[in-house]
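Scroll down for the structure; my scribbles are underneath it.
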Amino acid sequence: MPNKTYYRDAPAYCHSFFDLVQTDDLLNELEKSRIFTQELFHLITPDTENYAYTPSKWTIKEVIRHVIDCERVYTYRALRFSRFDSTELPGFDENQYIENLKSIHLNLSNLKEEYECVRRSTIALFKNMTDDMLDFKGKANKVNFTPRALGFMTVGHNLHHCHFIMTNYLKLPTRLYFSNIE
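Under UniProt numbering, think of the first position of the sequence shown as 1, with each following residue one higher.
Right under this line is the structure:
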């Protein structure tokens, strides 16, 4: 069972994402969730990629875009804080980010490639952080985070949306992948 001391280094709304992480080995969890997400991509077909389970919800491609955008934001924050930068960082409006893309055709193949590049970059960033760097507290969106917590937030947020795609969009069971959910 993971220790998850990083719970105290992020606001309570992050804890449900942390609950999806299986170990305290951040690099391993980033890699496992990368592989899992790539496997999930193979289940998305041209017939399902533009599917939204209700008209007001994002399509599968928009959910993937959201996961990529959030990973970029979380890792930028982690980079800043790992460099002992105490400048407060602003929040971002995830819905506005997607809304601003409504007129742009999202290509699933390009999203898959971008996800892979972003995740490999995230792994490289965290691989080179010391414990002091991982544990420096900074403020983003008016709350405190450490790079370590942001790394695990990246994993949990990614897994949350994979679970959501599987259950609400593709109508697939998740028990095999998410033994600690349900």
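Beta carbons: idealized from backbone N, C-alpha and C, even for Gly.
- Message: Quick test of your reading: Ile68 and Tyr169, contact by CB under 8 Å. State the CB separation rounded to the nearest angstrom.
- Response: So it is not a contact: roughly 17 Å between Cβ atoms.
- Message: Do Phe145 and Ala10 have their beta-carbon atoms positioned less than 8 Å apart in this structure?
- Response: yes
- Message: Rounded to the nearest angstrom, what separates Ser109 and Val118 at their Cα positions?
- Response: 14 Å
- Buried versus exposed call for Glu39 [16 or more other C-beta atoms within 10 Å across all chains shown]: exposed
- Could you round the C-beta distance between Leu159 and Leu43 to whole angstroms and report it? I think they count as a contact, below 8 Å. Incorrect: roughly 15 Å between the Cβ atoms, too far for contact.
- Output yes or no for whether 8 Å exceeds the beta carbon distance between Tyr6 and Phe18. yes
- Query: Counting only runs that start and end within the segment 95-152, where is the beta strand (DSSP E) found for 3 or more residues in a row?
  - Reply: 138-140 and 143-145
- Task: Determine the closest residue to Asp25 out of His66, Phe126, Arg72 and Lys139, with distance taken between C-alpha atoms.
- Result: Phe126
- Buried or exposed by the 16-neighbour rule on C-beta atoms within 10 Å, applied to Pro90: exposed
- If you drop the 5 nearest sequence neighbours on each side, which residues of the same chain put their C-beta closer than 8 Å to that of Lys171? none
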